[in-house]
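K.L.:
Taking the working numbering, the leading residue of the sequence shown gets 123, the next gets one more, and so forth. Here it is, the structure in full.
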Amino acid sequence: MIHSFYIYDRHCECIYSRDYVEGTINKNNDSDTSKLLFGILYSLKNIASKLGDSESFSNSMKSFATGGMRVHMMESATGLRFILVSGLEVDNLQGVLHELYTSHYLKWVVYNGLSPVEMKSQKIGGMFISETDKYLQAVSSSM
């Protein structure tokens with residue numbers, strides 16, 4: 123089951139968040155939750171790169187698990203970070219993250235001249251929100 127979805131820009135700011143447990147959109151952008159999540163991911167990524175070959179892209183951190191959840195991460199070439207928080211039963215969501223970036227974010231945000239990149243309200247990025255919700259609900263129900 124997928125619990126939440128976050129997108130961080132290259133300036134380390136949360137530009138989109140969606141909590142599927144509570145049903146909120148972009149409520150955590152300025153909260154401690156998104157800041158703490160980014161801090162954990164940034165720190166763990168630095169540790170992983172220092173423990174291994176720092177020039178190898180295959181050594182990058184893709185997920186980690188805690189006592190009750192698993193966090194999956196994908197970073198684009200432009201510095202966007204796509205994060206999915208799921209239950210422990212989910213092993214690998216790299217394909218889902220790649221699909222969210224290529225088929226949803228690029229289509230509904232980047233290639234859409236009317237959509238600003240920073241989605242600060244529910245009205246902005248409406249098609250992106252509805253299409254990602256449909257996709258993630260389908261993925262979550264097939265787990």
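Where is the CB? At the ideal position from N, CA and C, for every residue including glycine.
(1) To the nearest angstrom, how far is the alpha carbon of lysine 242 from that of tyrosine 138?
(2) Roughly how many whole angstroms lie between the Cα atoms of aspartate 158 and phenylalanine 250?
(3) Between lysine 184 and leucine 222, what straight-line distance do the alpha-carbon atoms span, to the nearest angstrom?
(4) Output needed for asparagine 150: all residues of its chain with C-beta closer than 6 Å, excluding positions within five of it in sequence on either side, in chain order.
(5) Quick one: grab the DSSP three-state call for histidine 194.
(6) For chain C, find out if any of its Cβ atoms is closer than 8 Å to the Cβ of glycine 235; answer yes or no.
(7) State buried or exposed for cysteine 134, treating a residue as buried only when at least 16 other CB atoms are found within 10 Å of its CB.
P.N.:
Put simply:
(1) Only weak support exists for where lysine 242 lies, its pLDDT of 47 falling under 50; the value from the coordinates is given anyway. For lysine 242 and tyrosine 138, the distance between alpha carbons rounds to 7 Å.
(2) Sequence inspection shows leucine at residue 158; the aspartate mentioned does not correspond to that position. In a straight line, the C-alpha of leucine 158 is about 25 Å away from that of phenylalanine 250.
(3) 15 Å
(4) In this prediction, asparagine 150 scores a pLDDT of 48, lower than 50, which makes its location untrustworthy; the coordinate-derived value is nonetheless stated afterwards. Same-chain partners within the cutoff: Ser139, Ser156.
(5) Reduced to three states, the DSSP call for histidine 194 is strand.
(6) This model lacks chain C altogether, as it is built from one protein chain only.
(7) So cysteine 134 ends up on the exposed side.
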